[in-house]
Structures are given as C-alpha cells and as structure tokens.
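Mapping of the sequence shown onto the working numbering: residues 369 to 611, in sequence order. Glycine is no exception: its CB is placed at the ideal position from the N, C-alpha and C atoms. Working notes, structure below.
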Amino acid sequence: MKKITCFLPILLLILLFSLSPAEKKPAIGPKIFLPEKEWDFGYIPQNAVVSHFFLIKNTGDDTLQIIKVRPGCACTYAPLKKEFLAPKDSTSLEVIFSSRNYQGSKTLIVAIFSSDTSNFSDINFTANIENEFPLFQVEPSQVKFDSIRVEKNNPKKVIILNKSTSSLQIAVAEKPKEFIDFQISKNSLNPKEKAEILLQVNRKATPGPFQTNLTLDFSGGSTGQGSEKTRYTLPISGTILSK
C-alpha cells in the first residue's frame with residue numbers, strides 16, 4: 369500500500385504534463401523559394417525571342433506577396449501571373465528575352481521583390497547571340513509559323529548539319545510548350561551528316577500569337593581543338609487563327 373501511495377504523486381505529475389497544451393512552434397512568416405535560379409539558353413540567333421519558366425514557391429506559414437518583378441533591361445519581359453501565394457503554394461514565372469541585334473554572350477538578372485523581407489531573390493539567364501555556330505549549322509535558325517489554323521497547318525522542317533570533325537550527339541534539354549509536337553530524325557550525327565526536326569502545332573493551341581522554343585544539347589563534336597559541348601535554343605513563333 370505504501371508503494372502505491374509513493375507512486376501516486378509521480379503519476380499525477382505525468383498526467384498533468386500530458387494534459388498541458390503543446391508548445392507552439394514560432395511563426396516563420398512567408399518564405400520565398402526558387403528551386404532553379406539560373407538558365408542557359410546556349411546559342412540563339414539575332415532578332416529572336418526565347419523564354420524559360422522559373423518556379424516560385426512559398427515554403428513559409430503565411431501568405432507570400434510577390435510585390436514586383438524587375439527585369440535587368442528592356443529586352444526582357446517577365447509577366448507575373450499570381451501575386452499572392454498561400455503557404456505551400458507555387459506559381460511559374462515566364463522570363464521572355466528578345467535578342468534583337470545583340471551579339472556575343474549576354475547574362476541578365478531578373479529581381480523578385482516579395483513580402484519575405486529576409487530573403488532577396490533574383491534569377492539570371494545567359495544567352496550567346498550569334499548567327500554562326502562552331503559545331504553545327506541550323507537551317508532555318510528559327511521557326512515561324514506565321515498565321516495558321518490548327519486543323520490546316522503543315523509541319524515546319526529544320527535541318528541540323530554536323531560541321532565538326534567527329535560524331536555529334538543531340539539531346540533535348542527543354543521541350544517546347546505543350547501545343548508544339550516535334551520529332552528529331554537522329555540523335556547522333558557523323559561529320560557532315562544531317563538530322564531533320566519536324567515541328568507542328570497541335571489541337572492544344574489557342575487562338576492568338578504564340579512564342580516558345582526547343583533547347584538542344586550537343587556533345588562529342590570536335591572542331592580540331594578538342595571535344596566541345598554546347599547548347600542551342602531554337603525559337604518558335606506564329607499566330608493561331610480562330611476557326
């Protein structure tokens with residue numbers, strides 16, 4: 369009986385602590401997070417428009433406000449689709465770049481201002497603007513569908529020529545938007561050999577102007593000064609007519 373009496377205070381203490389309210393975690397507020405902060409378009413032609421989507425997440429416990437998106441120059445456009453993100457919510461930001469008459473390598477920054485005052489966020493992209501490329505030739509260097517109807521559009525053809533002195537491998541780094549179907553005839557080219565890309569607008573397209581691109585990685589080729597690895601982004605544009 370004495371043993372039971374001794375244990376009673378201990379049991380009461382255990383029950384008291386188990387019934388007490390759990391400690392609350394301190395609020396962390398809105399937190400902006402970008403899984404990807406850099407993108408390389410590789411080579412692109414002059415007077416073309418290319419784009420890439422960056423994901424923005426709110427990993428905090430309060431609503432995140434995207435206050436402003438500020439591109440680094442007038443050649444870049446980054447329209448914001450969603451200003452407020454609930455906790456665990458996300459949105460995509462399309463960064464659109466016009467190469468105009470620029471030439472050579474260009475790196476630009478897009479600043480993102482948000483209600484997460486503890487975390488300044490920016491993204492950057494690089495493009496090498498040239499009309500001649502060391503390992504390969506792309507003809508045409510960009511695809512223009514002009515004004516078409518989805519049910520009556522013909523495929524556009526692009527030819528890639530291996531200009532290097534050894535075999536060249538082709539891999540897709542980023543596909544076009546979902547309304548463009550494409551096929552590449554070969555993913556490996558011997559010197560002087562050609563590959564054909566067929567592109568066609570499918571029924572997912574909506575009326576109005578559009579812009580997208582296909583990004584390809586090339587590796588294994590040689591110009592006589594060792595193997596090289598490079599990237600090319602093929603701009604694709606046009607206007608879809610209503611029925």
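Starting from residue i, trace the beta strand (DSSP E) in both directions and tell me its first and last residue.
| i | result |
| --- | --- |
| V518 | Per DSSP, V518 belongs to no beta strand (DSSP E) and is neither H nor E. |
| K686 | There is simply no residue 686 to check, as the chain begins at 369 and stops at 611 in what is shown. |
| R438 | L432 to P439 |
| T574 | That residue, T574, is in no beta strand (DSSP E); it is neither H nor E in DSSP. |
| F504 | F504 to E507 |
| I464 | S458 to S466 |
| I643 | The structure shown does not extend to residue 643, since the chain is modelled only from 369 to 611, so the question has no answer here. |
Specify the secondary structure class of residue i as computed by DSSP and reduced to three states.
| i | result |
| --- | --- |
| F547 | coil |
| K531 | coil |
| T485 | coil |
| T427 | coil |
| T598 | strand |
| I538 | strand |
| E406 | strand |
| N492 | strand |
| A442 | coil |
| M369 | With a pLDDT of only 48 at M369, under 50, the local geometry of the prediction cannot be trusted, and the value read off the model is given with reservation. If DSSP states are grouped into helix, strand and coil, M369 belongs with coil. |
| N581 | strand |
| S610 | coil |
| I396 | coil |
| P413 | coil |
| P619 | Missing from the structure shown is residue 619; the chain here goes from 369 to 611 and no further. |
| K449 | coil |
Label residue i either buried or exposed according to how many other C-beta atoms from any shown protein chain fall within 10 Å of its C-beta, with 16 as the threshold for buried.
| i | result |
| --- | --- |
| L609 | exposed |
| F421 | exposed |
| K423 | Inspection of the sequence shows that residue 423 is occupied by Leu rather than by Lys. L423 is exposed by the Cβ-count criterion. |
| T475 | exposed |
| T607 | exposed |
| N469 | exposed |
| D544 | The question names Asp, but residue 544 in the sequence shown is Pro. Flag for P544 reads buried. |
| K524 | buried |
| I527 | exposed |
| L602 | buried |
| I604 | buried |
| Q593 | Bear in mind that a pLDDT of 48 at Q593, under 50, signals an unreliable position, so the number given afterwards is only what the model happens to contain. The residue is exposed, with fewer than 16 neighbouring Cβ atoms inside 10 Å. |
| P394 | exposed |
How close, in whole Å, do the beta carbons of residue i and residue j come, if the pair is a contact with beta carbons under 8 Å?
| i | j | result |
| --- | --- | --- |
| G589 | S515 | Between S515 and G589 the Cβ distance is about 37 Å, and since that is not below 8 Å, they are no contact. |
| I480 | S486 | No, I480 and S486 are not in contact; Cβ-Cβ is about 14 Å, not under 8 Å. |
| V357 | V437 | Examination of residue 357 is not possible in this model, given that the chain is present from 369 through 611 alone. |
| Q505 | L536 | Not confirmed; about 11 Å, so no contact. |
| S458 | K425 | 4 Å |
| I400 | S473 | Not a contact, Cβ separation roughly 29 Å. |
| A446 | I464 | 7 Å |
Say whether chain D places a C-beta atom closer than 7 Å to the C-beta of residue i.
| i | result |
| --- | --- |
| N570 | This model lacks chain D altogether; it includes just one protein chain. |
ask   = Does the pairing of the segment 531 to 541 with the segment 569 to 586 give three or more beta-carbon distances under 8 Å?
value = By the C-beta criterion, the segment 531 to 541 is judged to be in contact with the segment 569 to 586, since at least 3 inter-stretch pairs fall below 8 Å.
The segment 449 to 458 contacting the segment 424 to 441, beta-carbon criterion three pairs below 8 Å = Three or more beta-carbon pairs drawn from the segment 449 to 458 and the segment 424 to 441 are found closer than 8 Å, and the two stretches are therefore classed as touching.
query = Looking at C-beta atoms only, is the number of pairs between the segment 411 to 427 and the segment 498 to 513 that lie closer than 8 Å three or more?
reply = Contact annotation: the segment 411 to 427 touches the segment 498 to 513, with at least three C-beta pairs closer than 8 Å.
query = Are the segment 401 to 410 and the segment 490 to 504 touching, with three or more C-beta to C-beta distances below 8 Å?
reply = Yes, they touch.
Contact between the segment 518 to 533 and the segment 561 to 578 (3+ Cβ pairs under 8 Å) = Contact between the segment 518 to 533 and the segment 561 to 578 is present: 3 or more CB-CB pairs across the two stretches fall below 8 Å.
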